[in-house]
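Undergrad:
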Amino acid sequence: MNDSHAYFERHPEYFWKNGEQIYENVGGYARIATILRQCREARSGTVLALDNGDTIHGTFPAVHSEGETLIPILNAMEFDAMTGHWEFAYGPEQFLKVANTLSYPTLAVNCYDSKTGKRVFPAYQIIERNDMQIGVIGIAATIIDKTMPTSFSKGVYFTLGNEELPGIIRELRDIEQVDLIVVVSHLGYPQELQLAQEVDGIDVLLSGHTHNRLYDAVVVNDTIIIQSGCHGSFIGRLDLEIANRRVKSYQHDLITVDDSIEPDPEVNALVDKALDPHRDMLDTVVGHTQDALARDRVMETTMDNLLLHALISVSDDAELAFSNGWRYGAPVPLGPVTMNDVWNIVPVNPAVSTCDLSGIELWNMLEENLERTFSRDPYQQMGGYVKRCLGMNMYFKVENPKNRRINELFVGSTRVERSKKYKAVFITSQGVPVKYGDHRKDLNIRAVEALSTYLRENSPVSSKLEGNVVPI
């Protein structure tokens with residue numbers, strides 16, 4: 013399982029059918045628990061269940077409890093190990109608290125204490141299955157101390173893990189004599205393809221972070237790589253035939269967690285216990301949308317355009333609006349929009365802020381973001397999707413080198429002037445990094461209030477793609 017983002021229950025997910033995008037309700041931890049239980053019953057003593065992280069953050073109940081409401085659910089699902097990314101949103105100290113109450117280890121070969129230089133979590137765990145020793149290595153997201161808010165990495169730092177892996181693999185192979193090496197990574201699919209090419213000796217690499225639906229496993233340098241979408245809408249199953257400490261054959265299945273799967277009663281009851289205190293608030297309808305709100309596009313999305321219009325509405329005179337290119341956030345089909353949907357769109361609920369950006373700062377900020385999204389070096393791809401923008405039109409060449417991608421940039425109908433100042437409204441330092449702009453200040457409102465108020469006052473809303481970010 014990867015990138016479930018604390019989606020406790022079934023929820024809308026997009027699919028492609030006959031060239032059109034449709035939405036179906038899928039997912040839910042209770043159904044995933046059933047899949048795991050059925051696998052264990054069919055293959056007793058041979059099943060390894062692993063979680064790539066982005067698990068205890070992403071919805072209101074998770075954020076409200078700083079991840080703790082997930083603990084009994086995850087323990088009941090009986091995973092064997094995990095690694096992390098958004099788990100650090102509550103600060104490393106809180107994540108350690110949660111990790112220490114889980115019945116399985118959190119692994120991170122690349123997370124270190126800033127003072128001591130020692131690892132915060134174990135690098136690996138050796139797990140026995142069917143008389144075989146399996147070495148499971150964890151790699152946490154390397155971007156936590158590079159592009160995320162500073163509170164995420166207070167007292168810790170992260171490496172890529174690529175330099176540590178060869179030594180750990182030798183230790184597991186030569187000293188521990190393991191039969192199989194599995195890497196659970198939250199670097200992202202492009203990064204993990206590069207990692208597998210560089211590092212020998214990985215049998216299986218379970219990929220996360222980038223929300224790829226891999227219907228077929230990929231093999232790079234004898235490493236089998238899978239990734240299984242997001243929001244718990246899918247779960248990946250990999251069956252291996254192993255002989256003489258090598259994988260002889262494999263079969264991969266990307267399982268859609270749909271209504272054909274009966275919820276596990278125990279986990280279903282735990283989900284209800286976690287959600288029931290919040291259901292009345294979360295089920296409250298705050299507006300209606302005439303367009304599906306989705307966040308599944310790299311350049312621009314209807315979901316984020318709605319959010320940015322809400323930010324503009326609470327600022328006095330902002331011409332521009334920015335937010336991070338988050339991948340998480342299940343789609344909202346046309347119709348009613350609830351507080352649950354609002355919290356899913358922006359679960360971090362940051363303060364709404366403003367600043368003044370010069371034209372050259374705007375240009376440089378966008379070039380930096382394009383490089384972090386489309387860098388030729390996978391390890392330099394440190395963003396989510398392209399930064400979400402409103403009030404401007406950017407035309408750029410994806411294939412151009414760093415700092416040479418933007419072809420034309422307009423604010424309103426006018427080309428950007430290098431020295432002119434533009435008022436911007438934004439959320440989080442990922443929307444506008446702290447090195448850009450002056451006169452930065454927080455408004456007396458947070459994102460959830462801004463969005464829910466906008467929906468109440470303007471419904472039914474319409475949110476279209478506006479050509480804010482256009483590859484040419």
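Residue 13 is where the sequence shown starts when you use my numbering, and the numbers rise one by one after that. Cβ coordinates follow ideal geometry from the N, Cα and C atoms, glycine included.
(1) Which stretch, first to last residue, makes up the beta strand (DSSP E) that contains residue 123?
(2) Report the residue ranges of all alpha helix (DSSP H) runs contained in full by the region 183 to 261; include only those spanning at least 4 residues, in chain order.
(3) With distances taken from CA atoms, which of 321, 60, 80 and 199 is nearest residue 90?
(4) Check whether the Cβ of residue 448 sits closer than 7 Å to any heavy atom of the ligand MG, and report yes or no.
(5) Measure the CB-CB distance between residue 244 and residue 44 and report whether it falls below 8 Å.
(6) Between which residues of its own chain and residue 362 is the CB-CB distance below 8 Å, once the five residues before and five after are set aside?
(7) Are at least three pairs of beta-carbons, each pair with one atom in the region 470 to 484 and one in the region 399 to 419, less than 8 Å apart?
(8) Quick check: the Cα distance between residue 130 and residue 271, rounded to an integer number of angstroms?
(9) Is there at least one Cβ from chain C nearer than 8 Å to residue 92's Cβ?
(10) Using the rule of at least 16 other Cβ atoms within 10 Å of the residue's Cβ for burial, across every protein chain shown, is residue 203 buried or exposed?
(11) Quick one, are the C-beta atoms of residue 78 and residue 102 less than 8 Å apart?
(12) With a threshold of 6 Å on Cβ separation, who are the neighbours of residue 251 within its own chain once the five nearest residues in sequence on each side are excluded?
(13) Where does residue 316 land, buried or exposed, given buried means 16+ other C-beta within 10 angstroms?
(14) With a 10 Å radius around its C-beta and 16 neighbouring C-beta atoms as the bar for buried, classify residue 166 as buried or exposed.
(15) Looking only at C-alpha atoms, which of 149, 87 and 108 sits nearest to residue 125?
(16) Relative to the C-alpha of residue 430, which candidate in 368, 222, 461 and 36 has its C-alpha closest?
(17) Using only the alpha-carbon positions, how far apart do residue 148 and residue 357 sit?
(18) What would DSSP say about residue 338, mapped onto helix, strand or coil?
(19) For the region 67 to 84 against the region 166 to 180, are there 3 or more C-beta pairs whose distance is under 8 Å?
(20) Please state whether the Cβ-Cβ distance between residue 383 and residue 88 is less than 8 Å.
(21) Which partner residues of residue 263 appear in the DSSP bridge assignment?
(22) Which residue or residues does DSSP assign as beta-bridge partners of residue 34?
(23) Closer than 8 Å by C-beta to residue 454: which residues in its own chain qualify, once you throw out the five before and the five after it? Chain order, please.
(24) Just to confirm before moving on: does the CB-CB distance between residue 359 and residue 71 stay below 8 Å?
(25) Give the straight-line distance between the Cα atoms of residue 375 and residue 450, rounded to the nearest whole angstrom.
(26) For residue 390, does the three-state DSSP call read helix, strand or coil?
(27) Please identify the residue among 337, 328 and 326 whose C-alpha is closest to the C-alpha of residue 310.
(28) Give the single residue among 290, 412, 434 and 226 whose Cα lies nearest to the Cα of residue 328.
(29) Based on the DSSP output, what are the partners of residue 422 in its beta bridges?
(30) Within the same chain, show all residues whose beta-carbon is closer than 7 Å to that of residue 213, passing over the 5 residues directly before and after it, in chain order.
(31) Could you tell me whether the region 285 to 298 touches the region 50 to 60, using the rule of 3 or more Cβ pairs below 8 Å?
(32) Just how far apart, CA to CA, sit residue 68 and residue 432?
(33) Within 10 angstroms of its Cβ, does residue 246 collect 16 or more other Cβ (buried), or is it exposed?
(34) Can you list, in chain order, the stretches of the beta strand (DSSP E) that have 3 or more residues and sit fully within the region 54 to 132?
(35) Identify the residues that DSSP records as bridge partners of residue 141: which are they?
(36) Would you list the residues sitting across from residue 170 in a DSSP beta bridge?
TA: According to the structure data:
(1) Here residue 123 corresponds to residue number 111 of the sequence shown, with the count starting at 1. Its beta strand (DSSP E) spans residues 123 to 125.
(2) Within the region 183 to 261, the complete alpha helix (DSSP H) runs of at least 4 residues are 201 to 210.
(3) Taking the first residue of the sequence shown as 1, we reach residue 90 at position 78. Cα-wise, what sits closest to residue 90 is 60.
(4) With respect to small molecules bound, the structure shown includes none, and the ligand MG cannot be examined in it.
(5) Here residue 244 refers to the residue found at position 232 when the sequence shown is read from its first residue. Here residue 44 refers to the residue found at position 32 when the sequence shown is read from its first residue. For the 8 Å CB-CB criterion, residue 244 and residue 44 form a contact.
(6) Locating residue 362 in the sequence shown gives position 350, counting from the first residue. Within the same chain, residue 362 has close Cβ partners 439, 440, 458 and 459.
(7) At 8 Å Cβ cutoff, the stretches touch.
(8) In the sequence shown, counting from the first residue as 1, residue 130 sits at position 118. In the sequence shown, counting from the first residue as 1, residue 271 sits at position 259. When rounded, the distance between both Cα atoms is 45 Å.
(9) Although the question refers to chain C, the structure presented lacks it and comprises just one protein chain.
(10) As a position in the sequence shown, residue 203 is number 191, starting the count at 1. Counting Cβ neighbours within 10 Å, residue 203 comes out buried, since at least 16 surround it.
(11) What you label residue 78 is simply residue 66 of the sequence shown in a count that begins at 1. What you label residue 102 is simply residue 90 of the sequence shown in a count that begins at 1. It is a contact, given that the beta carbons lie within the stated cut-off.
(12) Here residue 251 refers to the residue found at position 239 when the sequence shown is read from its first residue. The residues are 263.
(13) Walking along the sequence shown from the start, residue 316 turns up at place 304. Answer is buried; the Cβ neighbour count reaches 16.
(14) If you number the sequence shown from 1, residue 166 lands on position 154. That one is exposed.
(15) What you label residue 125 is simply residue 113 of the sequence shown in a count that begins at 1. With respect to the C-alpha of residue 125, the residue from 149, 87 and 108 having the closest C-alpha is 108.
(16) As a first step, residue 430 is located in the sequence shown; it is residue number 418 there, counting from the start. Cα-wise, what sits closest to residue 430 is 368.
(17) Start at 1 with the first residue of the sequence shown, and residue 148 comes out as number 136. Start at 1 with the first residue of the sequence shown, and residue 357 comes out as number 345. Whole-angstrom Cα-Cα distance: 33 Å.
(18) What you label residue 338 is simply residue 326 of the sequence shown in a count that begins at 1. Reduced to three states, the DSSP call for residue 338 is coil.
(19) no
(20) Numbered from its first residue, the sequence shown carries residue 383 at position 371. Numbered from its first residue, the sequence shown carries residue 88 at position 76. No, Cβ-Cβ distance for residue 383 and residue 88 is not below 8 Å.
(21) Counting from one through the sequence shown, the residue named residue 263 turns up at place 251. The beta-bridge partner set that DSSP reports for residue 263 consists of 251.
(22) Here residue 34 refers to the residue found at position 22 when the sequence shown is read from its first residue. The partner list for residue 34 (beta bridge, DSSP) reads 27.
(23) Residue 454 sits at position 442 when you count from the first residue of the sequence shown. Excluding residues within five positions, the ones whose Cβ falls inside 8 Å are 363, 364 and 365.
(24) Here the question's residue 359 lines up with position 347 in the sequence shown. Here the question's residue 71 lines up with position 59 in the sequence shown. In contact: residue 359 and residue 71 (Cβ atoms closer than 8 Å).
(25) The count along the sequence shown starts at 1 and reaches residue 375 at position 363. The count along the sequence shown starts at 1 and reaches residue 450 at position 438. So the alpha carbons of these two residues sit roughly 15 Å apart.
(26) For the purposes of this step, residue 390 is taken as residue 378 along the sequence shown, with counting starting at 1. Reduced to three states, the DSSP call for residue 390 is helix.
(27) On the sequence shown, position 298 is the one that residue 310 refers to. Nearest C-alpha to residue 310: 337.
(28) To locate residue 328, count along the sequence shown from 1; it is residue 316. If we check each option's Cα against that of residue 328, 434 comes out closest.
(29) The sequence position of residue 422 within the sequence shown is 410, counting from 1. Answer by DSSP bridge pairing, in chain order: 405 and 427.
(30) In the sequence shown, the residue the question calls residue 213 occupies position 201. So the qualifying residues of the chain are 181, 185 and 193.
(31) no
(32) Looking up residue 68 in the sequence shown gives position 56. Looking up residue 432 in the sequence shown gives position 420. Near 43 Å, if we compare the C-alpha coordinates of residue 432 and residue 68.
(33) Numbered from its first residue, the sequence shown carries residue 246 at position 234. Around the beta carbon of residue 246, a 10 Å sphere encloses 16 or more other beta carbons of the protein chains shown; the residue is thus reported as buried.
(34) 123 to 125
(35) As a working note, residue 141 is residue 129 in the sequence shown. Residue 141 pairs with 144.
(36) Indexing the sequence shown from 1 puts residue 170 at position 158. Answer is 123, bridged to residue 170.
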